[in-house]
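**Q** Counting along the sequence shown from 1, when you hit position 320 you're at 368 in my numbering, and nothing is skipped either side.
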Amino acid sequence: MQQDSLQPGSLQQPVQKTIRVSGVVQGVGFRPAVWHWAQELGLTGHVCNDDDGVLICCRGAERAVEDLLQRLQSSPPAQSHISKIECWQSDAPLHGEGFRIEESLHEHQQGKSKPQLKTGVSADLATCPDCLRELFDPDNRRYRYPFINCTHCGPRLSIVRSIPYDRVNTSMALFQQCPHCQREYDDPAERRFHAQPNACPVCGPTLWITDQSGAALDGDPIAVAQAALRAGKIVAVKGVGGFHLALDAGNEQAVATLRLRKRRPHKPLAVMVRDLEVARRYCHISAQEQTLLQSAAAPVVLLGVHTTPSTGIAPDQQRLGVMLPPSPLHHLLLKTFDTPLVMTSGNPSGEPQCISNDSALEKLSGVADLFLFHNRDILNRVDDAVVQVIDHQPQVMRRGRGYAPMPLPLPPGFETAPAVLALGAEIKNTFCLLGQNKAVLSQHMGDLQDVLTLADFERNL
49 MQQDSLQPGS LQQPVQKTIR VSGVVQGVGF RPAVWHWAQE LGLTGHVCND DDGVLICCRG
109 AERAVEDLLQ RLQSSPPAQS HISKIECWQS DAPLHGEGFR IEESLHEHQQ GKSKPQLKTG
169 VSADLATCPD CLRELFDPDN RRYRYPFINC THCGPRLSIV RSIPYDRVNT SMALFQQCPH
229 CQREYDDPAE RRFHAQPNAC PVCGPTLWIT DQSGAALDGD PIAVAQAALR AGKIVAVKGV
289 GGFHLALDAG NEQAVATLRL RKRRPHKPLA VMVRDLEVAR RYCHISAQEQ TLLQSAAAPV
349 VLLGVHTTPS TGIAPDQQRL GVMLPPSPLH HLLLKTFDTP LVMTSGNPSG EPQCISNDSA
409 LEKLSGVADL FLFHNRDILN RVDDAVVQVI DHQPQVMRRG RGYAPMPLPL PPGFETAPAV
469 LALGAEIKNT FCLLGQNKAV LSQHMGDLQD VLTLADFERN L
């Protein structure tokens with residue numbers, strides 16, 4: 049019988065290769081996927097993050113290495129975006145046995161004083177089905193924990209300070225993991241292996257609710273917020289990439305109060321619904337629009353409306369902006385609501401969305417009645433993305449959470465084009481970096497006439 053060359057015991061002459069994977073490949077479960085494949089294929093070596101993406105050094109049967117390359121090309125992790133895969137013969141010594149996941153490697157560790165960062169940062173990802181099941185499982189240790197996440201979901205761009213995307217370079221660096229979380233984080237077989245925002249109620253961020261003065265209120269913060277919303281109050285909710293102003297979309301008086309306080313008399317307001325069943329009570333939803341609503345980006349989708357929650361939501365409009373909960377916190381908040389909640393940007397008119405607790409309390413105390421806070425800092429403001437299907441093609445009307453800063457591949461001919469920085473317009477600004485055969489568009493910046501928006505623009509640039 050012919051011996052299978054994929055098995056560790058194969059008599060086939062082993063080969064040693066180095067594989068470079070470029071693109072958005074950090075923070076999306078890429079290294080664990082490579083580790084699992086290497087185990088199956090009987091490869092030895094290691095995989096690590098570095099300033100250019102993911103670096104794989106492997107040794108084994110030639111057919112096994114080819115199989116690994118094929119899997120990288122045909123079935124990479126769902127949220128990754130590969131721009132290039134390079135492979136070359138290597139004779140560098142591989143230390144140790146088996147296949148390992150190693151710590152991130154920086155160019156300065158290789159004797160290079162000026163690293164050129166070529167890898168991308170993953171976009172923030174909506175709660176995955178596995179985490180959602182755990183969130184509402186009374187027997188799970190993360191039951192109703194508003195910051196549950198794994199390598200397939202959770203905050204990314206909004207919490208990252210620098211590349212590589214490691215915990216020490218995020219706002220989660222302040223939270224030391226408990227022994228249970230640390231075991232998950234260190235185990236390549238776990239879904240939370242190197243999930244940088246990994247946390248639980250014992251060691252992670254916490255949630256609380258205050259009044260307009262900042263005084264904390266007693267009781268479960270989610271339950272207090274839900275009761276306030278049912279009473280017609282406006283609640284400022286610290287989300288993934290900034291604050292939302294939430295209220296009962298069916299309460300005409302609450303909607304009118306928001307418009308008066310925010311000085312936004314006519315612009316349409318987006319709503320968030322618990323699930324598709326609620327959304328269909330108000331809007332027509334095609335299969336394509338459903339896919340967008342349920343995607344990991346969780347954008348606001350402009351849908352054809354047949355019944356409005358209230359007349360003041362989107363006056364004289366044929367479409368309504370609808371989104372599903374993008375985070376565990378929003379899932380918890382919407383769980384008991386059979387009707388939509390308004391979820392509009394938490395900012396004074398003309399200013400950028402608030403991202404810190406202090407700025408929200410200062411700038412929104414005249415708008416919101418209550419504030420739902422947490423202590424996981426938002427480092428990069430990311431507004432809700434807005435998408436509309438036009439002639440069966442999804443069109444991104446506003447690039448935000450879930451889309452930014454994912455690169456757009458350019459057609460052949462741009463490989464040798466010079467690097468270009470396009471600064472964008474003064475109104476509704478977005479900037480773009482072009483180079484390495486791709487265009488990286490920023491998230492929505494806003495109107496640069498405002499000094500705070502301009503400062504935010506410069507910081508993100």
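Where a beta carbon is used, it is the ideal one built from N, C-alpha and C, also for glycine.
Hey, is the stretch 190-205 in contact with the stretch 70-83, meaning 3+ C-beta pairs nearer than 8 Å?
**A** Flag = yes, the stretch 190-205 and the stretch 70-83 touch.
**Q** Could you name the residues of the same chain whose beta carbon sits closer than 6 Å to that of Asn405, not counting the 5 residues immediately before and after it, in chain order?
**A** These residues qualify, in order along the chain: Phe421.
**Q** Could you name the residues that DSSP lists as bridge partners for Val319?
**A** Answer is Val370 and Val390.
**Q** Please tell me whether Asp99 has its Cβ less than 8 Å away from any Cβ of chain C.
**A** The chain labelled as chain C is not found in the depicted structure, where only one protein chain is given.
**Q** Does the ligand PLP have a heavy atom nearer than 7 Å to the CB of Val326?
**A** Only the bare structure without any ligand can be found here, which leaves the ligand PLP out of the picture.
**Q** Which of the three DSSP states, helix, strand or coil, is assigned to Pro442?
**A** Here Pro442 sits in strand by DSSP.
**Q** Please list the terminal residues of the continuous alpha helix (DSSP H) segment that includes Ala503.
**A** That run of the alpha helix (DSSP H) goes Val499 to Asn508.
**Q** Taking its Cβ as the centre, do 16 or more other Cβ atoms sit within 10 Å of Ile257, making it buried, or is it exposed?
**A** It is buried - the Cβ of Ile257 has at least 16 other Cβ atoms within 10 Å.
**Q** Residues in the same chain with beta-carbon distance under 7 Å from Leu509, minus the five sequence neighbours each way, listed in chain order, please.
**A** If we look at Leu509 and ignore the five residues flanking it on each side, its Cβ neighbours are Phe479.
**Q** Short check: CB of Gln224 to CB of Cys251, under 8 Å?
**A** Yes, the pair counts as a contact, with Cβ atoms nearer than the cut-off.
**Q** Using the Cβ count rule (16 or more neighbours within 10 Å means buried), how would you classify Trp85?
**A** It counts as buried.
**Q** Measure the Cβ-Cβ separation of Leu427 and Ser206 and say whether it is below 8 Å.
**A** Contact: yes.
**Q** Between the beta-carbon of Pro269 and the beta-carbon of Leu255, is there less than 8 Å?
**A** Result yes, Cβ atoms of Pro269 and Leu255 sit closer than 8 Å.
**Q** Give me the residue from Glu463, Ala271 and Cys106 with the minimum Cα distance to His378.
**A** The shortest C-alpha separation from His378 is found at Ala271.
**Q** What does a CB cutoff of less than 8 Å around Ala297 pick up in its chain, not counting 5 residues either side in sequence?
**A** Counting only Cβ-Cβ distances below 8 Å, and skipping sequence neighbours, we find Val303, Leu317, Val319, Pro357, Ser358, Ile361, Thr387, Pro388, Leu389 and Val390.
**Q** Could you have a look at Asn197 and say whether DSSP puts it in helix, strand or coil?
**A** Coil at Asn197, not helix or strand.
**Q** State yes or no: is the C-beta of Asp558 within less than 8 Å of the C-beta of Glu399?
**A** No answer is possible for residue 558: the residues shown for the chain start at 49 and end at 509.
**Q** Cys402 and Gly414 - do their beta-carbons sit closer together than 8 Å?
**A** No, these two residues do not count as a Cβ contact at 8 Å.
**Q** DSSP three-state call for Gln64: helix, strand or coil?
**A** Three-state result, Gln64: strand.
**Q** Using a Cβ-Cβ cutoff of less than 6 Å, which residues in the same chain neighbour Asn217 once the five nearest sequence positions on both sides are dropped?
**A** Same-chain partners within the cutoff: Arg209 and Ser210.
**Q** Per the DSSP calculation, Val349 is bridged to which residue(s)?
**A** For Val349, which the question treats as bridged, DSSP gives the partners Val370 and Val435.
**Q** Quick check: what's the CA-CA separation for Asn485 versus Ala452?
**A** Cα-Cα distance, rounded: 17 Å.
**Q** Taking only the alpha-carbon atoms, compute the straight-line gap between Gln443 and Arg449 and give it to the nearest angstrom.
**A** Between Gln443 and Arg449, the C-alpha separation is close to 15 Å.
**Q** Mind reading off the beta-carbon distance from Ser170 to Val72? Whole number of angstroms is fine, and I expect it under 8 Å.
**A** The pair is a contact, with the Cβ atoms about 5 Å apart (cut-off 8 Å).
**Q** In chain order, what residues of the same chain have a beta carbon less than 6 Å from the beta carbon of Gly101, not counting five sequence neighbours either side?
**A** Result list for Gly101: Val69, Ser70, Val73 and Thr167, in chain order.
**Q** Hey, could you find the ends of the beta strand (DSSP E) Ser122 is sitting in?
**A** Here Ser122 belongs to no beta strand (DSSP E); instead the alpha helix (DSSP H) covers Glu110 to Ser122.
**Q** Taking the CB atoms as reference points, tell me whether Ser131 and Pro466 lie closer together than 8 Å.
**A** Contact flag unset, no.
**Q** Using C-beta distances below 7 Å, list every residue in its chain close to Ala276, excluding the 5 sequence neighbours before and after it, in chain order.
**A** Correct list, in chain order: Val283, Asp417 and Leu418.
**Q** What does the Cβ neighbour count give for His440, buried or exposed, with the cut at 16 atoms within 10 Å?
**A** It counts as exposed.
**Q** Give me the Cα-Cα distance between Pro494 and Arg507, rounded to the nearest whole angstrom.
**A** The question names Pro, but residue 494 in the sequence shown is Gly. When rounded, the distance between both Cα atoms is 14 Å.
**Q** For Leu518, which of helix, strand or coil comes out of DSSP?
**A** For the chain, the structure presents residues 49 to 509; residue 518 sits outside this window and is missing.
**Q** Give a yes or no on whether the C-beta atoms belonging to Leu350 and Gly369 are separated by under 8 Å.
**A** Yes.
**Q** For a test of the three-state rule: what should DSSP assign to Gln157, helix, strand or coil?
**A** Per-residue confidence for Gln157 stands at a pLDDT of 46, beneath the threshold of 50, marking its modelled position as unreliable; the derived number appears in the next sentence. Helix.
**Q** Rounded to whole angstroms, what is the Cα-Cα separation between Ser343 and Pro373?
**A** Computed Cα separation, rounded: 11 Å.
**Q** What distance in whole Å lies between the Cβ atoms of Val348 and Cys331, which are believed to be in contact at a cut-off of 8 Å?
**A** Not quite, the Cβ-Cβ distance comes to about 12 Å (not below 8 Å), so this is no contact.
**Q** Considering only C-alpha positions, which residue in the set Lys310, Thr355 and His314 is nearest to Leu412?
**A** Ranking Lys310, Thr355 and His314 by Cα distance to Leu412 puts Lys310 first.
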